[in-house]
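Enquirer: Structure below; questions to follow.
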């Protein structure tokens with residue numbers, strides 16, 4: 014503004030700056046808001062006031078003032094009467110309360126209203142005291158309610174535990190009967206299926222040597238024809254290729270037929286669940302190999318990394334081969350089901366410890382494992398971590414019973430997410446002839 018304090022300051026301190034003057038401060042701020050100049054040199058208090066009054070919200074005050082001055086009043090030296098009139102007038106304004114109103118209108122823009130400690134305490138008391146009363150009542154009510162809920166929860170928990178125990182006992186008896194019935198039905202079914210499979214497989218086994226002999230007799234005649242007339246079609250391929258392929262095909266069919274017969278026999282032995290099973294001298298390596306043959310398809314679907322390391326010169330044990338085989342099958346099935354990717358491995362090893370006079374069958378996998386707090390329940394009837402996948406929880410329970418009936422034991426070690434090691438220990442017993 015022309016001839017203002019800021020105008021005098023700039024002419025005295027920054028004469029090189031180009032200045033544009035206006036008649037009023039409002040004109041200066043309006044021109045700045047219209048984007049016509051770089052900045053407006055206005056005292057902060059009137060500038061803030063005019064900014065609000067003129068609704069100029071696209072301009073902002075600078076962070077640091079160019080100069081600082083205090084507001085006051087003055088008279089010509091010696092004019093005491095006028096000075097007294099100013100002082101008396103301010104005193105009257107303060108007594109009547111108008112001073113605060115005027116001060117707030119013109120200077121309150123920059124000076125936020127200060128609250129006294131007394132006012133703060135009074136306002137806080139008005140809010141805090143009711144809140145404390147409400148909080149105390151809520152805590153008291155909550156504790157009373159919690160005590161009643163705890164008492165009722167304890168009663169319900171006790172009743173639920175008793176009912177759960179009764180239901181579990183009933184389910185245990187039902188499932189044991191159901192399992193026994195299923196095993197009986199399975200034995201009958203397997204016997205019938207084995208008979209139906211063995212009959213056509215027997216014809217295949219019987220006819221293959223005849224076909225092989227017929228090929229041997231026909232080959233010289235076909236060979237002379239080949240020498241005289243050149244290559245010719247035999248089946249879908251040329252004779253020059255078929256004369257090498259047919260013997261291999263016949264041998265493969267013969268091998269597969271024997272494998273079918275072996276699998277059927279192994280399956281029949283596995284389902285033969287007689288508690289008075291014949292005890293005899295058993296080679297545990299043969300038992301493990303039979304179990305692996307039974308689960309060959311399941312193992313191939315579950316993992317690409319199956320390893321079997323059988324101990325050498327192992328002593329034989331006096332046991333039921335079918336019952337021990339059932340334990341090995343259960344351990345292998347659990348290992349296959351624990352794998353999450355086919356790259357994960359399974360190891361099966363057999364060994365003998367002269368110190369404890371025990372033979373061991375060890376099945377280790379890289380599957381999901383089990384938490385340490387659940388290991389103690391693995392051999393409990395109907396305990397399973399695969400209930401959603403159809404697990405009954407009877408496999409390891411039955412296996413533990415078989416191990417115990419042979420004077421042995423099952424041991425497990427596992428870390429959640431790092432696989433499991435299951436080991437069957439069987440004592441070396443002298444046979445009747447040993």
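In our numbering, the protein residues as written are 14 to 447. The beta-carbon is built from N, C-alpha and C at its ideal position, and this holds for glycine as well.
Rank 293, 433, 261 and 240 by C-alpha distance to the C-alpha of residue 349 and give the top, closest one.
Expert: Taking the chain shown and counting its residues from 1, the one referred to as residue 349 is at position 336. Out of 293, 433, 261 and 240, 433 has the C-alpha closest to the C-alpha of residue 349.
Enquirer: Quick one: what's got a C-beta closer than 8 Å to residue 112's C-beta in the same chain, skipping five residues either side?
Expert: Mapped onto the chain shown, residue 112 falls at position 99. Answer for residue 112: 103 and 106, listed in chain order.
Enquirer: State buried or exposed for residue 80, treating a residue as buried only when at least 16 other CB atoms are found within 10 Å of its CB.
Expert: Locating residue 80 in the chain shown gives position 67, counting from the first residue. Exposed.
Enquirer: Suppose contacts are defined by Cβ-Cβ distances below 8 Å. Is residue 57 in contact with residue 78 by that definition?
Expert: Working through the chain shown from its first residue, we reach residue 57 at position 44. Working through the chain shown from its first residue, we reach residue 78 at position 65. Yes; because the gap between Cβ atoms is below 8 Å, this pair is in contact.
Enquirer: Are the stretch 358 to 377 and the stretch 303 to 323 touching, with three or more C-beta to C-beta distances below 8 Å?
Expert: yes
Enquirer: Taking just the CA atoms, how far does residue 156 sit from residue 435?
Expert: Working through the chain shown from its first residue, we reach residue 435 at position 422. Working through the chain shown from its first residue, we reach residue 156 at position 143. The straight-line gap from Cα to Cα measures roughly 50 Å.
Enquirer: Between which two residues does the alpha helix (DSSP H) carrying residue 95 extend?
Expert: Walking along the chain shown from the start, residue 95 turns up at place 82. Looking at the DSSP string, the run of the alpha helix (DSSP H) that includes residue 95 is 93 to 109.
Enquirer: Thinking residue 4 and residue 309 are a contact (beta carbons under 8 Å), I'd like their distance in whole angstroms, please.
Expert: There is simply no residue 4 to check, as the chain begins at 14 and stops at 447 in what is shown.
Enquirer: In whole angstroms, give me the CA-to-CA distance for residue 417 and residue 330.
Expert: Here residue 417 corresponds to residue number 404 of the chain shown, with the count starting at 1. Here residue 330 corresponds to residue number 317 of the chain shown, with the count starting at 1. Straight across, the Cα-Cα distance linking residue 417 with residue 330 is about 14 Å.
Enquirer: Whole angstroms is fine: what's the gap from residue 374's alpha carbon to residue 248's?
Expert: Residue 374 sits at position 361 when you count from the first residue of the chain shown. Residue 248 sits at position 235 when you count from the first residue of the chain shown. Cα-Cα distance, rounded: 50 Å.
Enquirer: Starting from residue 437, follow the beta strand (DSSP E) in both directions and report where the run begins and ends.
Expert: Reading the chain shown from its first residue, position 424 is the one you call residue 437. Unbroken beta strand (DSSP E) run through residue 437: 433 to 440.
Enquirer: Tell me the DSSP secondary structure of residue 323 in three-state form.
Expert: Locating residue 323 in the chain shown gives position 310, counting from the first residue. Correct three-state label for residue 323: coil.
Enquirer: When we look at the beta-carbon of residue 303 and count the other beta-carbons within 10 Å, is it buried (16 or more) or exposed?
Expert: By 1-based counting over the chain shown, the position of residue 303 is 290. Flag for residue 303 reads buried.
Enquirer: Just mark residue 234 as buried or exposed, buried being the case when its beta carbon has 16 or more other beta carbons within 10 Å.
Expert: In the chain shown, residue 234 corresponds to position 221, counting from 1. Flag for residue 234 reads exposed.
Enquirer: For residue 1 and residue 266, I'd like the C-alpha separation in whole angstroms.
Expert: Only positions 14 to 447 of the chain appear in this structure, which leaves residue 1 out of reach.
Enquirer: Skipping 5 residues on each side, what residues in its chain have a beta carbon closer than 7 Å to that of residue 277?
Expert: Here the question's residue 277 lines up with position 264 in the chain shown. The answer, listed in chain order, is 207, 210 and 211.
Enquirer: Return yes when the Cβ of residue 327 is within less than 8 Å of the Cβ of residue 297, no when it is not.
Expert: Position 284 of the chain shown, counted from the start, is the residue given in the question as residue 297. Position 314 of the chain shown, counted from the start, is the residue given in the question as residue 327. One thing to note: residue 297 has its Cβ within 8 Å of the Cβ of residue 327.
Enquirer: Mind checking which residues open and close the alpha helix (DSSP H) that includes residue 334?
Expert: Here residue 334 corresponds to residue number 321 of the chain shown, with the count starting at 1. Boundaries of the alpha helix (DSSP H) harbouring residue 334: 334 to 351, taken from the DSSP string.
Enquirer: Evaluate residue 380 with the Cβ neighbour count: other Cβ atoms within 10 Å of its Cβ, from every protein chain shown; 16 or more gives buried, anything less gives exposed.
Expert: For the purposes of this step, residue 380 is identified with residue 367 of the chain shown, where counting begins at 1. Residue 380 is buried by the Cβ-count criterion.
Enquirer: When you compare only the Cα positions, how much space is there between residue 115 and residue 158?
Expert: Along the chain shown, one-based indexing puts residue 115 at 102. Along the chain shown, one-based indexing puts residue 158 at 145. Residue 115 and residue 158: Cα-Cα distance of roughly 58 Å.
Enquirer: Taking all protein chains shown into account, do 16 or more other C-beta atoms lie within 10 angstroms of the C-beta of residue 412, making it buried, or fewer, making it exposed?
Expert: For the purposes of this step, residue 412 is identified with residue 399 of the chain shown, where counting begins at 1. Around the beta-carbon of residue 412, 16 or more other beta-carbon atoms lie within 10 Å, marking it buried.
Enquirer: Terminal residues of the continuous beta strand (DSSP E) containing residue 369?
Expert: Sequence index remark: in the chain shown, residue 369 carries index 356 (1-based). Unbroken run through residue 369: none, as it is neither H nor E.
Enquirer: When you compare the CB positions of residue 43 and residue 15, do they come within less than 8 Å of one another, or not?
Expert: What you label residue 43 is simply residue 30 of the chain shown in a count that begins at 1. What you label residue 15 is simply residue 2 of the chain shown in a count that begins at 1. Not in contact: residue 43 and residue 15 (Cβ atoms no closer than 8 Å).
Enquirer: Put residue 402 into one of helix, strand or coil per three-state DSSP.
Expert: Sequence index remark: in the chain shown, residue 402 carries index 389 (1-based). Any reading at residue 402 needs caution, since the residue's pLDDT is 49, under 50, leaving its predicted position unreliable; the model's value is listed next. Three-state DSSP puts residue 402 in a helix.
Enquirer: Hey, residue 440 and residue 370: beta-carbon distance below 8 Å or not?
Expert: In the chain shown, the residue the question calls residue 440 occupies position 427. In the chain shown, the residue the question calls residue 370 occupies position 357. Against a cut-off of 8 Å, the Cβ pair of residue 370 and residue 440 comes out as a contact.
Enquirer: By alpha-carbon positions, which one of 236, 241, 263 and 262 ends up nearest to residue 253?
Expert: Position 240 of the chain shown holds residue 253. Out of 236, 241, 263 and 262, 236 has the C-alpha closest to the C-alpha of residue 253.
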